[in-house]
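**Student:** Sequence order for the protein chains is A and B.
Numbering of the first sequence is given in UniProt numbering, commencing with residue 1 and proceeding in unit increments.
Numbering of the second sequence is given in UniProt numbering, commencing with residue 1 and proceeding in unit increments.
Beta carbons are placed, not taken as given, at the ideal position from N, Cα and C, and that holds for glycine.
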Amino acid sequence: MSHEHTAMNTGEKLFYMANQIAAFFQSQPKSEAADGVAKHINDFWEPRMRREFFQLIDAGTKGLAPLVMEALPKIRRPKD
Amino acid sequence: MSLVHEIDYGTPASLSEKTVTLTVDGKQITVPEGTSIMRAAMDGGVEIPKLCATDMLDSYGSCRICLVEIEGRGGTPASCTTPAMEGMVVHTQTERLQAIRKGVMELYVSDHPIGHDIEAGTGASEFDKTIKQVGLTEVRYDMHGRNHVIAQNGAINPDFVEKDESNPYFTFDSSQCIVCSRCVRACEEVQGTFALTIEGRGFEARVRSGAAEPFLESECVSCGACVQACPTDALREKSVLEKGMPTSSEITTCAYCGVGCSFKAEMQGEEVIRMVPYKDGKANRGHSCVKGRFAWTYATHRDRILNPMVREKISDPWREVSWDEAISHIANEFRRIQDKYGRSSIGGITSSRCTNEETFLVQKLVRQVMGNNNVDTCARVCHSPTGYGLKSTFGTSAGTQDFDSVEHTDTVLIIGANPTDGHPVFASRLKKRLRQGARLIVIDPRRTDIVRSPHIQADYHLPLRPGTNVAVITAMAHVIVTEGLFNEQFIRERCDWSEFEDYAEFVSEKRHSPEEVEKLSGVPADLIRNAARLYARGGNSAIYYGLGVTEHSQGSTTVIAIANIAMLTGNIGRPGVGVNPLRGQNNVQGSCDMGSFPHEFPGYRHISDDATRSVYESLWGVTLDEEPGLRIPNMLDAAVDGSFKGLYVQGEDILQSDPNTQHVAAGLEAMECVVVHDLFLNETANYAHVFLPGSTFLEKDGTFTNSERRINRVRKVMAPKNGYADWEITQLMARAMGFDWNYTHPTEIMDEIAATTPSFAGVNYDLLEREGSVQWPCNEKAPLGTPVMHIGGFVRGKGKLIRTEYVATDEKTGPRFPLLLTTGRILSQYNVGAQTRRTENVHWHEEDRLEIHPHDAEDRGIRDGDWVRIKSRAGETTLRALITDRVATGVVYTTFHHPDTQANVVTTDYSDWATNCPEYKVTAVQVGPSNGPSDWQEEYDALARRNRRISGRLEAAE
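#1: Can you give me the C-alpha to C-alpha distance between B/E17 and B/V774, rounded to a whole angstrom?
#2: Kindly indicate if chain B contains any beta-carbon less than 8 Å away from that of A/K13.
#3: Using the C-alpha atoms, what's the distance from B/H898 back to B/T661?
#4: Taking 8 Å as the threshold, find out whether the region 343 to 352 of chain B comes into contact with the region 641 to 653 of chain B through three or more Cβ pairs.
#5: I'd like the list of long-range same chain contacts for B/V13, defined as Cβ closer than 8 Å, with 5 residues on each side in sequence excluded.
#6: Ignore the nearest five residues each way along the sequence and tell me which others in B/V795's own chain have a CB closer than 8 Å to its CB.
#7: Just to make sure I have the definition right: I need the residues of chain B whose C-beta is within less than 9 Å of the C-beta of A/T10. Which are they?
#8: Just mark B/I29 as buried or exposed, buried being the case when its beta carbon has 16 or more other beta carbons within 10 Å.
#9: Give me the DSSP bridge partner(s) of B/F601.
#10: Cα separation between B/P424 and B/L827?
#11: Taking 7 Å as the cut-off, is the beta-carbon of B/Y920 closer than that to any non-hydrogen atom of the ligand NAP?
#12: For A/G11, which beta-bridge partners are listed by DSSP?
#13: Please state the DSSP three-state secondary structure of B/S79.
#14: Among B/A914, B/V925, B/V922 and B/V549, whose alpha-carbon lies nearest the alpha-carbon of A/Y16?
#15: So if I threshold CB-CB distances at 9 Å, which residues from the region 23 to 36 of chain A count as touching chain B?
#16: Return the CA-CA distance between B/K102 and B/R285, expressed in angstroms with no decimal places.
#17: Roughly how many whole angstroms lie between the Cα atoms of B/Y278 and B/F817?
#18: Measuring CB atoms only, is the region 543 to 559 of chain B touching the region 459 to 475 of chain B, in the sense that at least three cross pairs come out at less than 8 Å?
#19: Taking B/D55 as part of the alpha helix (DSSP H), name the residues at either end of that continuous run.
#20: Put B/F739 into one of helix, strand or coil per three-state DSSP.
#21: At which residue ranges does the region 743 to 810 of chain B contain complete alpha helix (DSSP H) runs of 4 or more residues, listed in the order of the chain?
#22: Can you pull out the residues from the region 405 to 434 of chain B whose beta carbon lies closer than 7 Å to at least one beta carbon of chain A?
#23: How about B/D864 and B/A881: do their beta carbons lie closer than 8 Å?
#24: May I ask you to list, following chain order, the residues of the region 605 to 632 of chain B that have a beta carbon less than 7 Å from some beta carbon of chain A?
#25: Counting only beta-carbon separations shorter than 8 Å, does B/V676 have a partner in chain A?
#26: Determine the burial state of B/H455: buried for a count of at least 16 other Cβ atoms within 10 Å of its Cβ, exposed for fewer.
#27: For B/D117, collect the residues of the same chain with a Cβ closer than 8 Å to its Cβ; drop the 5 residues on either side in sequence, then sort them by chain order.
#28: If distances are taken between C-alpha atoms only, which option among B/A531, B/F426, B/S384 and B/A782 comes closest to B/D404?
#29: Quick one: grab the DSSP three-state call for B/S384.
#30: If contact means a Cβ-Cβ distance below 9 Å, which residues of the region 51 to 68 of chain A contact chain B?
#31: Which residue or residues does DSSP assign as beta-bridge partners of B/P918?
#32: For a test of the three-state rule: what should DSSP assign to B/T19, helix, strand or coil?
#33: If you scan the region 657 to 716 of chain B from start to end, which runs of the beta strand (DSSP E) of 3 or more residues do you find wholly inside it?
#34: In the DSSP assignment, what residue or residues form a beta bridge with B/E271?
#35: Pairing CB atoms from the region 596 to 610 of chain B with CB atoms from the region 431 to 441 of chain B, are three or more of them under 8 Å?
#36: Is B/W497 close to chain A? Criterion is C-beta to C-beta, closer than 8 Å.
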């Protein structure tokens, strides 16, 4: 059942989702924006998603929104 | 179990607070002012014979049977149209009245020759009863009314009307009709369809459907209101004509949509004869739609699987096994997988079709027994943004009103909902209010039926381009703020003023003005302005919305935008206003309430909250995971990546209902143990290793919670054909996996829910028995529940106005995919169609069709009914075209009720930023003529056939 398919792999999806979250909080008052992104990811992303997210970031942050970078220190990195 | 008898008071209740006292046959009776004599008498236990009156309809005064005498007044007025007055003295049984009634009844019977012929009807109609009531024993006239017999003296009778059997569920036999107009009035007043009329006068008068068409071909929506209203056997359920009248009944709740109608399941022994809407049901008030009323025969359909089945590989045929073998196989597999791949490698999906109690147990199985939080539910793909948006703004994830609230609404704003198809019984109540003069605004890419239907015309229809909800609603907020239409007092009292100032500054920016938003939404600026002005200044304004709001990449932002305009205008916290999500499935509200989301315990409490976790830890005797679990799309991603290997799916068909079918298939295929628990071998079961047969709503006790937070009882009327209710099966799994669950009845599960969930603290089966139903929160503060929320203040304290920036979806049209596909549902079918396709409802909707505008069709050389190919970046499928200007140019639309269409082969992976709710409502596509099914459809069909084989059976049914 092969098809022309341009779907993202899981890693690409995680960056995409993080950027989507940042796009919402970008418009919120500046003082709340980075905290909002971090809280959202901490509240809703299962540890293996966050683990993979950090592994990807360790390999390079190209394509990641600046607000996600700003939020990064507040996102919980799961224990391995 | 005996028949539940409902009193027919003859005319509707008066809502007046002032009372009057009258005397009827010597009894003093006190009733609200405006009550008819007929109703007052019945209130006092005096039944006046009647034919054209029933309390679901306004009084009509045509049959001349309900006459009474009033002291001090001449004549014999009709008791249904004469209001009770202070001090009135009424007699209902005098010689004069009896003589008149007998005379009138004799005339009816003479023109109703079947009246004494029990063979033709049930012999148990109201008409038959009234004949006895007035004491009619003989008819002096010829009983061959010429309209009613096939021929006279061997000649052809041109006036004779053949019995209409076109509707699959009921017949219309004109020869038994007494032209009381109850059916015509029910169709108008209750249902609001206006499909019936009286044609001709006097002896020639006859009930006609549509323009003298058979019922099935007319506008009739088969809601059953006319059948229920008919006092004779002229309109009668076919099941009753075949099997006779029911002998016992039980009150229960419909298992279709989120309206949650109450029904009497009327039985003969363990066989359902008919479902009749229950007048005391607070969601439906005695009304129904074609699904709940008639489409319940799937419960006994031959396709139902009744034995558990197991197979090693999904390419093997199924092997029927004992319950013991199936359950121990699951327990062994799940534990093996967890040992090999880790505790978090398995999970479960709860069902929005199952009861609260069953859903609670599935999430308990995941959290307590599996030891992780990998539990999700189909609300992920429908109303999860409602949860996020309303919780952020108001503080809790639920609609704010009860359905009765619409009776106090002056302006209705419908956004991305199609209530006449999706929530038909609520739509009837809404249409009734609109006919009384309420104003209507509809925001929808399609011209849905509610925009223009008999005696209803929306004041404004905003046909926006799919994906621009946030821009349009923010533009409405722009108008409300910049034109000073906001409710300052409300905002100062109930919201945070500095947040308002920030929000007001944001929406006032020029880029949010209707003139700017027109450029991207396609909605003329003055339409947006007028809609905003009407919403803000139209008295009590209420918003009703559906999946056209949530199923977008900005679904949660749109919900926030909706909550914002309700707060801005003070339309929260009293009857007639509010923000009301229309929920898709019968118990989708309940499944969310019961902790089906991977980050929340029952009652919407985050799993990282130590206090909540300790409540469950001490009760369940385990340490609970404090990290959120995987959501359905995350589970599928993790499965493809190899870290998620086992799944228990109760009553969902994610392969058909979730977006990007090929990705779902790949995820399921990568798992080592998929357990599907369902009535039928659904599409997901093609990828399952274990199949557990499920039970229907008729076969178990429990509760459903509808869109208005109403907890309604579901009552068992027959033994489960598969052997167990679904909650018992989950319990067997927990026990096999080492946990000693010992529930003997769902009431004990509800007690556990109440003991651990503050918003359910007061709920128990005794209360539900007494009250019929309650709306949560139901606890010490609200012992009988909460019809309207946020009265006097918001659940979260101050209402929170939040900026809503429009971000265009990345699913964009271009030269290769120039059209936007949006999806929805139709009245006669339900969700993926697993139930309704197995009923006679297929007469109305045999296949999914692609709606396309005449211009777009012409450009592509497509004619009505042609097979067309629809292709997106994710996949392609074929179906037949339906050319209509209900959709704008550039937009195409289809339903997703049939597995052979597989509309979700074309929908994409894009999802809501906050909740991962899929963006079903926007897919860029190209449409072209086609010769037949796509490669995917052919391959899938072959796979589905192969994967449904059962050893020892010739051909497995679908």
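**Tutor:** Let me lay it out:
#1: Along the second sequence, read from residue 1 onward, the residue named residue 17 of chain B stands at position 17. Along the second sequence, read from residue 1 onward, the residue named residue 774 of chain B stands at position 774. Cα-Cα distance, rounded: 24 Å.
#2: Residue numbering aside, residue 13 of chain A sits at position 13 when the first sequence is read from its first letter. So, interface residue.
#3: Here residue 661 of chain B corresponds to residue number 661 of the second sequence, with the count starting at 1. Here residue 898 of chain B corresponds to residue number 898 of the second sequence, with the count starting at 1. Cα to Cα, the separation comes out at about 14 Å.
#4: Look at the beta carbons and you see the region 343 to 352 of chain B touching the region 641 to 653 of chain B: at least three pairs across the two are nearer than 8 Å.
#5: Reading the second sequence from its first residue, position 13 is the one you call residue 13 of chain B. Correcting the residue identity first, residue 13 of chain B is Ala in this sequence and not Val. These residues qualify, in order along the chain: P32, T35, R39 and D55.
#6: Reading the second sequence from its first residue, position 795 is the one you call residue 795 of chain B. So the qualifying residues of the chain are F394, G395, T396 and M789.
#7: On the first sequence, position 10 is the one that residue 10 of chain A refers to. Result: N634, D637, A638, V640 and D641.
#8: As a first step, residue 29 of chain B must be located in the second sequence, where it is residue number 29. A residue is called buried when at least 16 other Cβ atoms come within 10 angstroms of its Cβ; B/I29 meets this threshold and is buried.
#9: Taking the second sequence and counting its residues from 1, the one referred to as residue 601 of chain B is at position 601. Note: B/F601 sits in a beta bridge opposite B/R605.
#10: In the second sequence, residue 424 of chain B corresponds to position 424, counting from 1. In the second sequence, residue 827 of chain B corresponds to position 827, counting from 1. Annotation: B/P424 to B/L827 spans about 7 Å, alpha carbon to alpha carbon.
#11: In terms of ligand content, the structure shown is empty, and the ligand NAP therefore cannot be addressed.
#12: Your numbering for residue 11 of chain A matches position 11 in the first sequence. Checking the DSSP bridge columns, you'll see A/G11 has no partner listed.
#13: Walking along the second sequence from the start, residue 79 of chain B turns up at place 79. Coil.
#14: Counted from its first residue, the first sequence places residue 16 of chain A at position 16. Nearest option by C-alpha distance: B/A914.
#15: Hits within the stretch, in order: A23, F24, Q26, S27, Q28 and P29.
#16: Counting from one through the second sequence, the residue named residue 102 of chain B turns up at place 102. Counting from one through the second sequence, the residue named residue 285 of chain B turns up at place 285. Their Cα atoms are separated by approximately 34 Å.
#17: Within the second sequence, numbered from 1, the residue matching residue 278 of chain B stands at position 278. Within the second sequence, numbered from 1, the residue matching residue 817 of chain B stands at position 817. If you take the alpha carbons of B/Y278 and B/F817, they lie about 49 Å apart.
#18: Taking 8 Å as the limit for Cβ pairs, the verdict is that the region 459 to 475 of chain B does touch the region 543 to 559 of chain B.
#19: Here residue 55 of chain B refers to the residue found at position 55 of the second sequence. First-last for B/D55: undefined, no H or E at that position.
#20: Against the second sequence, residue 739 of chain B aligns to sequence position 739. The answer is coil: DSSP assigns B/F739 none of H, G, I, E or B.
#21: Whole alpha helix (DSSP H) segments, 4+ residues: 746 to 756 and 765 to 771.
#22: Here the close residues number zero.
#23: Sequence index remark: in the second sequence, residue 864 of chain B carries index 864 (1-based). Sequence index remark: in the second sequence, residue 881 of chain B carries index 881 (1-based). Result yes, Cβ atoms of B/D864 and B/A881 sit closer than 8 Å.
#24: Residues H606, E627, P628, G629 and L630.
#25: On the second sequence, residue 676 of chain B is found 676 positions in, with the first residue counted as 1. No, B/V676 does not count as interfacial toward chain A.
#26: What you label residue 455 of chain B is simply residue 455 of the second sequence in a count that begins at 1. Under this definition B/H455 is an exposed residue.
#27: What you label residue 117 of chain B is simply residue 117 of the second sequence in a count that begins at 1. Any answer about B/D117 is weak, because its pLDDT of 48 lies below 50 and its placement is not dependable; what the coordinates show is given next. The answer is none, since no qualifying residue turns up.
#28: Indexing the second sequence from 1 puts residue 404 of chain B at position 404. Selection B/A531, B/F426, B/S384 and B/A782 evaluated against B/D404 yields B/F426 as nearest (Cα-Cα).
#29: As a working note, residue 384 of chain B is residue 384 in the second sequence. The answer is helix: DSSP assigns B/S384 an H, G or I state.
#30: Against chain B - using a Cβ distance shorter than 9 Å - the residues of the region 51 to 68 of chain A are E52.
#31: Stepping through the second sequence from its first residue, residue 918 of chain B is reached at position 918. The secondary-structure analysis by DSSP pairs B/P918 across a beta bridge with B/S911.
#32: Mapped onto the second sequence, residue 19 of chain B falls at position 19. Note: B/T19 maps to strand in three-state DSSP.
#33: Listed in chain order, the beta strand (DSSP E) elements of length 3 or more contained wholly in the region 657 to 716 of chain B are 673 to 678, 690 to 693, 702 to 705 and 710 to 714.
#34: In the second sequence, residue 271 of chain B corresponds to position 271, counting from 1. The secondary-structure analysis by DSSP pairs B/E271 across a beta bridge with B/Q268.
#35: The answer is no - the region 431 to 441 of chain B does not touch the region 596 to 610 of chain B, with fewer than three Cβ pairs under 8 Å.
#36: On the second sequence, residue 497 of chain B is found 497 positions in, with the first residue counted as 1. No, B/W497 does not count as interfacial toward chain A.
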